[in-house]
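For the sequence shown, position 87 matches number 368 in my numbering, and the numbering has no gaps at all. Note that CB positions come from ideal geometry on N, CA and C, so glycine has one too.
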Amino acid sequence: MKLNNKQLKRLKTVTQINAVSGDEHLLANYLKNQYSEWGYQLVFDNLGSIFAYKKSKVTNAKKVMLVAHMDEVGFIVKELLSNGCVKVHALGGHNPATLLSNRVILTTRDNRSYYGTINSLPPHLLRGKNDNVSISEMIFDFGFTNIDELKKHGINIGDPIVCEGPFEVLNEGKRLLAKAFDDRIGIALGLEILEYFKDRDLPFDLYVGGSVQEEVGCRGALTSAHLIKPDLAIVVDCSPAKDMAGNDGELGVLGKGVLVRVVDATMIAFKDLINYQIETLKKAKVPYQYYISPGGTDAGSIHKSIDGIKTLTYCLVARSIHTASTIIDTDDYLNARRGMIYLLKHLDFKKIGIE
Ligand SMILES: [Zn+2]
């Protein structure tokens, strides 16, 4: 299966917008325009999360919230150095081994962008030493020669920085490479769902959107859940593939379908929900795979909010997440789209214990 040009363009657009945790406004603006263009109403929490919604014609309809997180891992400037470089504070989890010599983009408060890189040493200067530099000691170089130049160009403590990760189509469209597929794949799937249902009535109120600050502790998910008070929440996120050893029986293989995420560090799956997820995936002829994770998703916050909210994760895997070079599989994307549309079209609240 191949993505059409519109789908490719959409994934390119959403991955290439820079939106580190706490600075998601550019992506939120893009979504706001797209959601409104399709005639959806909008709702925002006070942290910057955004949702499109459509009320059902059914009175006292249940509410379904589909959420992906807008933010990506990155950094903020913590120190301006006399030599014109800067040191940073990490936002979200980075493996330091993935960072040195990355291209980076800094955005100032007045929206100027500067390209730079993270300083590295060649091996002949490392002899006898290792280069296990902690992120807080890494030197980010934007080409400025002293601290006055940094200031003159509007660079301040608190400015966000992101690793550059251009969008590339691999293997004739079977796979895609870019930064931020975690979780722009979820943001893009949300757009697919909204596009599909824009002229179709549903027997429940549908909310689809993006949360802020997932990578630093699922903060926007908590406030969004409190705002919307859904009867059912579905979290679409991007989980690390664990398939590089090439062994049979691995959990989380790229291209092998939607994840039935039975447990992670922040939530034990609701049994009736994953049974229903499996049932609908089978009916929609969508491949699926079981998954267990030492991490977590927005579901960890949402299911514990208010009086407890029934929450289902609907994740896909990608290789090299939390780097500028993440790879996804387009069959996974299209299968997730088909499976999700089927699930929403045939949603049976009784079956999942929501009366
Ligand atoms: Zn994520």
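So within the stretch 539-600, which uninterrupted beta strand (DSSP E) runs reach at least 3 residues, ignoring any that extend past its ends? 539-544, 569-573, 591-594 and 597-599
Given a cut-off of 8 Å on the beta-carbon distance, is the pair Y477 and T561 in contact? Locating residue 477 in the sequence shown gives position 196, where the first residue counts as 1. Locating residue 561 in the sequence shown gives position 280, where the first residue counts as 1. No, the Cβ-Cβ distance between Y477 and T561 is not below 8 Å.
Does the beta-carbon of M346 have 16 or more other beta-carbons within 10 angstroms, so that it is buried, or is it exposed? As a working note, residue 346 is residue 65 in the sequence shown. Buried, by the Cβ-count rule.
Is the closest heavy atom of ligand 1 to the C-beta of E495 under 7 Å? As a first step, residue 495 must be located in the sequence shown, where it is residue number 214. Yes, since a heavy atom of ligand 1 falls inside the 7 Å radius drawn around the Cβ of E495.
Where S394 and G303 are concerned, what is the direct C-alpha to C-alpha distance, given to the nearest angstrom? As a working note, residue 394 is residue 113 in the sequence shown. As a working note, residue 303 is residue 22 in the sequence shown. Roughly 17 Å between the two C-alpha positions.
Between which two residues does the alpha helix (DSSP H) holding F356 run? Indexing the sequence shown from 1 puts residue 356 at position 75. Segment G355 to L361 is the beta strand (DSSP E) holding F356; no alpha helix (DSSP H) there.
Tell me which residues share the same chain as E449 and place their Cβ nearer than 8 Å to its Cβ, disregarding the 5 neighbours each side in the sequence. Here the question's residue 449 lines up with position 168 in the sequence shown. Correct list, in chain order: L457, L458 and A459.
Quick check on the DSSP output: the beta strand (DSSP E) that includes I298 runs from which residue to which? What you label residue 298 is simply residue 17 of the sequence shown in a count that begins at 1. Note, I298: premise wrong, no beta strand (DSSP E); not H, not E.
How is the alpha helix (DSSP H) around M621 delimited, first residue to last? The count along the sequence shown starts at 1 and reaches residue 621 at position 340. Annotation: the continuous alpha helix (DSSP H) that includes M621 extends over T611 to K626.
Near ligand 1: D464 beta-carbon under 7 Å from a heavy atom: Here residue 464 is taken as the residue at index 183 of the sequence shown, counted from 1. Yes, the Cβ of D464 comes within 7 Å of a heavy atom of ligand 1.
Per DSSP, cross-strand counterpart(s) of A349: As a first step, residue 349 is located in the sequence shown; it is residue number 68 there, counting from the start. G491, per the DSSP bridge assignment.
Heavy atom of ligand 1 within 7 Å of C499 beta-carbon: In the sequence shown, counting from the first residue as 1, residue 499 sits at position 218. Taken from the Cβ of C499, every heavy atom of ligand 1 lies 7 Å or farther away.
Note down the Cα distance separating E418 from H405, rounded to an integer number of angstroms. Start at 1 with the first residue of the sequence shown, and residue 418 comes out as number 137. Start at 1 with the first residue of the sequence shown, and residue 405 comes out as number 124. Those two C-alpha atoms are separated by around 21 Å.
Close beta carbons around T607, own chain, < 6 Å, minus the five adjacent residues each side: Within the sequence shown, numbered from 1, the residue matching residue 607 stands at position 326. Excluding positions up to five away in sequence, the list reads F462, A599 and S601.
Who does A371 pair with in a DSSP beta bridge? Numbered from 1 along the sequence shown, position 90 holds the residue referred to as residue 371. In the DSSP output, where bridge partners are listed per residue, A371 has F356.
Measure the CB-CB distance between V497 and A349 and report whether it falls below 8 Å. Translated into positions along the sequence shown, residue 497 becomes position 216. Translated into positions along the sequence shown, residue 349 becomes position 68. Contact: no.
With a CB to CB cut of under 7 Å and the five nearest residues on each side skipped, what residues in its chain are close to L475? Locating residue 475 in the sequence shown gives position 194, counting from the first residue. These residues qualify, in order along the chain: Y316, W319, Y321, A333 and V489.
Can you grab the Cα-Cα spacing for the pair E353 / K432, in whole Å? For the purposes of this step, residue 353 is taken as the residue at position 72 of the sequence shown. For the purposes of this step, residue 432 is taken as the residue at position 151 of the sequence shown. Annotation: E353 to K432 spans about 26 Å, alpha carbon to alpha carbon.
Quick check on the burial criterion: 16 or more other C-beta atoms within 10 angstroms. Buried or exposed for I468? Sequence index remark: in the sequence shown, residue 468 carries index 187 (1-based). Classification of I468: buried, given that the 10 Å Cβ count is 16 or more.
Would V567 and R619 be called neighbours here (beta carbons separated by less than 8 Å)? Against the sequence shown, residue 567 aligns to sequence position 286. Against the sequence shown, residue 619 aligns to sequence position 338. Yes, the Cβ-Cβ distance between V567 and R619 is below 8 Å.
How many angstroms separate the CA atom of L335 from the CA atom of L503? Here the question's residue 335 lines up with position 54 in the sequence shown. Here the question's residue 503 lines up with position 222 in the sequence shown. Inspection of the sequence shows that residue 335 is occupied by Lys rather than by Leu. One C-alpha to the other measures close to 21 Å.
Heavy atom of ligand 1 within 7 Å of H350 beta-carbon: Indexing the sequence shown from 1 puts residue 350 at position 69. The answer is yes for H350.
What first and last residue would you give for the alpha helix (DSSP H) that runs through R500? Mapped onto the sequence shown, residue 500 falls at position 219. From DSSP, the alpha helix (DSSP H) with R500 extends over R500 to I509.
Residues near L308 in its chain [Cβ-Cβ closer than 6 Å; skip 5 each side]: Looking up residue 308 in the sequence shown gives position 27. So the list reads I298, A300 and M351, once near-sequence residues are dropped.
Compare the beta carbon distance of D429 and L387 with 8 Å and say whether it is the shorter of the two. Numbered from its first residue, the sequence shown carries residue 429 at position 148. Numbered from its first residue, the sequence shown carries residue 387 at position 106. Going by C-beta atoms, D429 is not nearer than 8 Å to L387.
Using the DSSP secondary-structure output, state which residues sit across from L458 in a beta bridge. Along the sequence shown, read from residue 1 onward, the residue named residue 458 stands at position 177. In the DSSP output, where bridge partners are listed per residue, L458 has E449 and I608.
Just the C-alpha distance for I416 and L361, rounded to the nearest angstrom, thanks. Here residue 416 corresponds to residue number 135 of the sequence shown, with the count starting at 1. Here residue 361 corresponds to residue number 80 of the sequence shown, with the count starting at 1. Roughly 15 Å separates the two Cα atoms.
For the alpha helix (DSSP H) that P521 lies in, which residues bound it at each end? Along the sequence shown, read from residue 1 onward, the residue named residue 521 stands at position 240. Careful: P521 lies outside any alpha helix (DSSP H), inside the beta strand (DSSP E) at C519 to P521.
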